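Each number in this note's numbering comes from the position in the sequence shown (counting from 1) with 14 added on. Every residue, glycine too, gets a C-beta built ideally from N, C-alpha and C. For clarity, every value in this text was computed on a predicted model and none was experimentally measured.
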Amino acid sequence: MEINDSKFGNCKTAYSFDELLMLPGYAQMSPKDIDSSAVLNGITLKSPFLSAAMDTVTGPEMAIALGLSGGLGVIHRNCSTEEALAMLREVKNFKIPEGNSNATKDASGRLAVGIAISSEVERAIEVAKEADILFTDVASFHNQKIFDAVKKTIDATGKQIVIGNLGTEEGVMHAVKEIGAENISGIKVGMGSGSICTTTDVTGVGSPVPFAVAEAVSALKKLNLSIPIIADGGIRKPRDIAISFGLGASFVMLGNIFARCDESPGEKVEKNGKYYKVYWGMGSKEARSKRAALDRYQDSGKGKNIEEGIKIHVESEGPVSDKVEKMTYQLKTTMGYIGARKISEIRAKANFAVIKPKGEKIGVE
Ligand code: IMP
Numbered sequence: 015m016e017i018n019d020s021k022f023g024n025c026k027t028a029y030s031f032d033e034l035l036m037l038p039g040y041a042q043m044s045p046k047d048i049d050s051s052a053v054l055n056g057i058t059l060k061s062p063f064l065s066a067a068m069d070t071v072t073g074p075e076m077a078i079a080l081g082l083s084g085g086l087g088v089i090h091r092n093c094s095t096e097e098a099l100a101m102l103r104e105v106k107n108f109k110i111p112e113g114n115s116n117a118t119k120d121a122s123g124r125l126a127v128g129i130a131i132s133s134e135v136e137r138a139i140e141v142a143k144e145a146d147i148l149f150t151d152v153a154s155f156h157n158q159k160i161f162d163a164v165k166k167t168i169d170a171t172g173k174q175i176v177i178g179n180l181g182t183e184e185g186v187m188h189a190v191k192e193i194g195a196e197n198i199s200g201i202k203v204g205m206g207s208g209s210i211c212t213t214t215d216v217t218g219v220g221s222p223v224p225f226a227v228a229e230a231v232s233a234l235k236k237l238n239l240s241i242p243i244i245a246d247g248g249i250r251k252p253r254d255i256a257i258s259f260g261l262g263a264s265f266v267m268l269g270n271i272f273a274r275c276d277e278s279p280g281e282k283v284e285k286n287g288k289y290y291k292v293y294w295g296m297g298s299k300e301a302r303s304k305r306a307a308l309d310r311y312q313d314s315g316k317g318k319n320i321e322e323g324i325k326i327h328v329e330s331e332g333p334v335s336d337k338v339e340k341m342t343y344q345l346k347t348t349m350g351y352i353g354a355r356k357i358s359e360i361r362a363k364a365n366f367a368v369i370k371p372k373g374e375k376i377g378v379e
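Written out as structure tokens, the structure is:
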């Protein structure tokens, strides 16, 4: 058998954050010339950070705090339509304190907010009335049933949608052709690398964020399109954020990092004098017990009983505003090192090195 006939011959290398490093580049600007803002669906975010649509990450309190800090909250969907609408209204009715120049605003000056949607078209149409940006929230968007539902939602609402999650060049090309580039405001990528995610352990399927971003970039290049890419899942360190942008993302979606903040809905618990917050995957037993977002994952045929996430405790780390300020500063420092003035310049300026893995001993020496 030829090597190319085997499944290994054409294997791609799916790099993870640990294996990548950006090289320093020539910089000609001072830190004050560096701009970390990016535009999604016509809305400018001063800091390109989105909170994950998870019920232990984004409720109205998180969406308000993150919106005021220059990011964007994406309200979860593990609740009834009425509850989702109430959360959205709470954000939209919040009065932005005077003098806040960072807040992420809609065209009429109110706080902007995103909402998770799925293949339930009626619900998507309802929540679209109160939200600024719609984000499909399904484990794998590369699915005909999802394509059909999203097309119906777009027809009914006339709104653009952030699609996802996707993880391959083929998936991005297929989805863009099916949905239509003019209907897509962003492409969310990454599968199986979330900090509470067991999808890859359980199924052997996944697309780590660095690889997924590179695949989406390659698809958009082939299609000659420029659509913002959102890196989602497995982002833990400031370095992971920087690398995601270096590979071509314009935004990052954060679960674990924001679950630690005071404003996440997760319960705060004390253990040996330290405070922790509860954080669980949307495919975990705990999230599934609410039964409102079961269609994020595939139906096993026996009532969607395959768990693809876990519950963990993360250390409680203070207000979201401090975190966003720090992450923005860290990102600007990266941009300074590689010589990028704007988010849209990072990819062109970034050069990567691959870190050689430590040699592993195989068998007994
Ligand atoms: P984190 O920032 O590494 O914690 O990853 C958060 C992301 O993981 C979310 O935005 C989702 O895309 C994804 N996710 C959420 N819940 C689950 C789950 O139960 N299993 C797999 N992935 C999940």
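Kindly indicate the opening and closing residues of the alpha helix (DSSP H) around glutamate 104.
As a working mapping, residue 104 is identified with position 90 in the sequence shown. Counting along the chain, the alpha helix (DSSP H) containing glutamate 104 begins and ends at 95-106.
For glycine 123 and glutamate 229, I'd like the C-alpha separation in whole angstroms.
Locating residue 123 in the sequence shown gives position 109, counting from the first residue. Locating residue 229 in the sequence shown gives position 215, counting from the first residue. So the two alpha carbons sit approximately 36 Å from each other.
In chain order, what are the residues with a CB under 6 Å from some non-hydrogen atom of the ligand IMP?
Ala66, Met68, Asn179, Gly208, Ser209, Ile210, Cys211, Thr213, Asp246, Gly247, Gly248, Ile249, Met267, Leu268, Gly269, Asn270, Gly295, Met296, Gly297, Ser298, Glu322 and Gly323
Express the C-alpha separation of cysteine 25 and methionine 15 in angstroms, rounding to a whole number.
The residue you call residue 15 lines up with position 1 of the sequence shown. The residue you call residue 25 lines up with position 11 of the sequence shown. In this predicted model, methionine 15 has a pLDDT of only 46, less than 50, meaning its place in the structure is not dependable enough to derive any value.
Whole angstroms is fine: what's the gap from histidine 90's alpha carbon to alanine 364's?
Translated into the one-based positions of the sequence shown, residue 90 becomes position 76. Translated into the one-based positions of the sequence shown, residue 364 becomes position 350. If you take the alpha carbons of histidine 90 and alanine 364, they lie about 33 Å apart.
May I ask you to report which of helix, strand or coil DSSP gives methionine 15?
Translated into the one-based positions of the sequence shown, residue 15 becomes position 1. With a pLDDT of 46 at methionine 15, under the threshold of 50, the predicted position of this residue should be treated as unreliable, though the coordinate-derived value follows. Note: methionine 15 maps to coil in three-state DSSP.
Under 7 Å, do leucine 34 and phenylalanine 366 count as touching if we go by C-beta distance?
Counting from 1 along the sequence shown, the entry for residue 34 is found at position 20. Counting from 1 along the sequence shown, the entry for residue 366 is found at position 352. With respect to the 7 Å criterion, leucine 34 and phenylalanine 366 are classified as neighbours on the basis of their beta carbons.
If we ignore side chains and look at the alpha-carbon of each, how far apart do glycine 185 and histidine 156 end up?
Taking the sequence shown and counting its residues from 1, one reaches residue 185 at position 171. Taking the sequence shown and counting its residues from 1, one reaches residue 156 at position 142. Cα to Cα, glycine 185 sits roughly 6 Å from histidine 156.
Cβ of isoleucine 110 within 7 Å of Cβ of alanine 121?
The residue labelled residue 110 in the question sits at position 96 within the sequence shown. The residue labelled residue 121 in the question sits at position 107 within the sequence shown. Contact: no.
Under the assumption that glycine 350 contacts proline 62 (Cβ atoms under 8 Å), give the Cβ distance between them as a whole number of angstroms.
Position 336 of the sequence shown, counted from the start, is the residue given in the question as residue 350. Position 48 of the sequence shown, counted from the start, is the residue given in the question as residue 62. Not confirmed; about 16 Å, so no contact.
Are any of the Cβ atoms in chain B nearer than 7 Å to that of lysine 356?
In the structure shown, chain B does not exist; there is a single protein chain.
Less than 7 Å between the beta carbons of alanine 153 and tyrosine 29, yes or no?
Sequence index remark: in the sequence shown, residue 153 carries index 139 (1-based). Sequence index remark: in the sequence shown, residue 29 carries index 15 (1-based). No; because the gap between Cβ atoms is not below 7 Å, this pair is not in contact.
How many Å lie between isoleucine 177 and serine 199 at the Cα?
Residue 177 sits at position 163 when you count from the first residue of the sequence shown. Residue 199 sits at position 185 when you count from the first residue of the sequence shown. Answer to the nearest angstrom: the Cα atoms are 8 Å apart.
Cβ atoms of arginine 137 and glycine 262: under 7 Å apart, would you say?
One-based indexing of the sequence shown puts residue 262 at position 248. One-based indexing of the sequence shown puts residue 137 at position 123. Contact: no.
Is lysine 235 helix, strand or coil by DSSP?
As a first step, residue 235 must be located in the sequence shown, where it is residue number 221. In the three-state reduction of the DSSP assignment, lysine 235 falls in the helix class.
Would you kindly work out how many angstroms separate the C-alpha atoms of glycine 295 and lysine 236, rounded to a whole number?
On the sequence shown, residue 295 is found 281 positions in, with the first residue counted as 1. On the sequence shown, residue 236 is found 222 positions in, with the first residue counted as 1. C-alpha separation (whole angstroms): 34 Å.
Go through the region 157-193 residue by residue and report every complete run of the alpha helix (DSSP H) that reaches 4 residues or more, in order.
Given a length threshold of 4 residues, each whole run of the alpha helix (DSSP H) inside the region 157-193 is given here in chain order: 158-171 and 183-193.
Assign phenylalanine 31 to buried or exposed, taking buried as 16 or more other Cβ atoms, counted over all protein chains shown, within 10 Å of its Cβ.
The residue labelled residue 31 in the question sits at position 17 within the sequence shown. Around the Cβ of phenylalanine 31, a 10 Å sphere holds 16 or more other Cβ atoms; the residue is buried.
May I have the straight-line CA-CA distance separating threonine 347 from alanine 301, to the nearest angstrom?
Position 333 of the sequence shown, counted from the start, is the residue given in the question as residue 347. Position 287 of the sequence shown, counted from the start, is the residue given in the question as residue 301. Their backbone Cα atoms lie some 37 Å apart in a straight line.
In this structure, does DSSP put phenylalanine 149 in helix, strand or coil?
Position 135 of the sequence shown, counted from the first residue, corresponds to residue 149. In the structure shown, phenylalanine 149 sits in a strand (DSSP, three-state: E or B).
Quickly, what does DSSP pair methionine 36 with across the bridge? List them, please.
Here residue 36 refers to the residue found at position 22 when the sequence shown is read from its first residue. Phe366.
Whole-angstrom Cβ separation of aspartate 146 and isoleucine 243, contact assumed at under 8 Å?
Sequence index remark: in the sequence shown, residue 146 carries index 132 (1-based). Sequence index remark: in the sequence shown, residue 243 carries index 229 (1-based). The Cβ separation is near 19 Å, so there is no contact.
Considering only residues of the same chain and omitting the five flanking positions on each side of tyrosine 290, which have a CB-CB separation below 8 Å?
Taking the sequence shown and counting its residues from 1, the one referred to as residue 290 is at position 276. Counting only Cβ-Cβ distances below 8 Å, and skipping sequence neighbours, we find Lys282, Val283, Glu284, His327, Val328, Glu329 and Ser330.
Whole angstroms are fine: how far does the CA of alanine 67 sit from the CA of leucine 99?
Reading the sequence shown from its first residue, position 85 is the one you call residue 99. Reading the sequence shown from its first residue, position 53 is the one you call residue 67. Taking the straight line from one Cα to the other gives about 14 Å.
According to DSSP, is glycine 247 part of a helix, a strand, or is it coil?
In the sequence shown, residue 247 corresponds to position 233, counting from 1. If DSSP states are grouped into helix, strand and coil, glycine 247 belongs with coil.
Measure from the alpha carbon of glycine 73 to the alpha carbon of each residue in Gly84, Leu59, Lys60 and Asn92, then state which is nearest.
By one-based count along the sequence shown, residue 73 stands at place 59. Checked all of Gly84, Leu59, Lys60 and Asn92; the closest Cα to glycine 73 is Asn92.
Please specify which runs of the alpha helix (DSSP H), each continuous and at least 4 residues long, are wholly inside the region 284-366, giving them in chain order.
Complete alpha helix (DSSP H) runs here, min 4: 299-302, 334-352 and 357-363.
Excluding the 5 residues flanking isoleucine 139 on each side, which residues of the same chain have their C-beta closer than 7 Å to its C-beta?
The sequence position of residue 139 within the sequence shown is 125, counting from 1. These residues qualify, in order along the chain: Thr167, Ala170 and Thr171.
Let me check understanding here. Comparing Cα to Cα, which of Glu359, Phe22 and Gly84 lies closest to alanine 256?
Within the sequence shown, the letter at position 242 stands for residue 256. Nearest option by C-alpha distance: Glu359.
Methionine 267 and leucine 64: beta carbons closer than 7 Å?
Position 253 of the sequence shown, counted from the start, is the residue given in the question as residue 267. Position 50 of the sequence shown, counted from the start, is the residue given in the question as residue 64. Going by C-beta atoms, methionine 267 is nearer than 7 Å to leucine 64.
According to DSSP, is methionine 68 helix, strand or coil?
On the sequence shown, residue 68 is found 54 positions in, with the first residue counted as 1. Three-state result, methionine 68: coil.
Tell me the DSSP bridge mates of valine 266?
As a working note, residue 266 is residue 252 in the sequence shown. In the DSSP output, where bridge partners are listed per residue, valine 266 has Phe63 and Ala245.
Does the distance from the CB of threonine 70 to the CB of alanine 273 come in under 7 Å?
If you number the sequence shown from 1, residue 70 lands on position 56. If you number the sequence shown from 1, residue 273 lands on position 259. Yes, the pair counts as a contact, with Cβ atoms nearer than the cut-off.
For valine 203, which beta-bridge partners are listed by DSSP?
Residue 203 sits at position 189 when you count from the first residue of the sequence shown. For valine 203, which the question treats as bridged, DSSP gives the partners Leu180 and Ala245.
Could you say which of Gly220, Met205, Ala354 and Leu234 lies nearest to histidine 188 if we only look at CA atoms?
Taking the first residue of the sequence shown as 1, we reach residue 188 at position 174. Of Gly220, Met205, Ala354 and Leu234, the residue nearest in Cα terms is Leu234.
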